[in-house]
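Residue numbers (our numbering): 1299 to 1444. Where is the CB? At the ideal position from N, CA and C, for every residue including glycine. A short worksheet on the structure shown next.
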């Protein structure tokens, strides 16, 4: 069974049933397999978020280039006051804490279905998002050979 097939059933169950956020220390650089798995994890996010360069936002903001961007600053998207005034610049540590507990990390945020409780899923998702930027001189392939 492929990761994508597992993602449709097992991944959702694992994220939803995890019993709480545990802190992780995301690495400074990411393994290509983390990026590939992160792309699979992102399939659960793409109902609200897009990741295309210059793409429009959907229910949630476009996440292309999110790493290094100030929270609440993407032009053309209406953020909550809580997120816009948070003074967070997204990096691995902030993303990890936010994805583990969005409302707990930024009270007043409205990301309703964004909790990623499994540390390895957050790490992979952050690896994938970190690879989505104009500065990536050689983007890491995310094909899984399916």
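In this structure, the CA atom of residue 1353 is about 13 Å from the CA atom of residue 1346. Of all C-beta pairs linking the region 1353–1369 to the region 1414–1433, three or more are shorter than 8 Å, placing the two stretches in contact. For residue 1370, same chain residues with a beta-carbon under 6 Å away, outside a window of 5 residues either side, are 1377, 1381, 1382 in chain order. Secondary structure at residue 1411: coil, using DSSP grouped into helix, strand and coil. Around the beta-carbon of residue 1405, fewer than 16 other beta-carbon atoms lie within 10 Å, marking it exposed. Counting the other CB atoms within 10 Å of its CB gives residue 1400 a total of 16 or more, which places it among the buried residues. Taken atom to atom, the span from the alpha-carbon of residue 1396 to that of residue 1332 is near 19 Å. By the CB criterion at 8 Å, residue 1368 and residue 1387 fall inside the cutoff.
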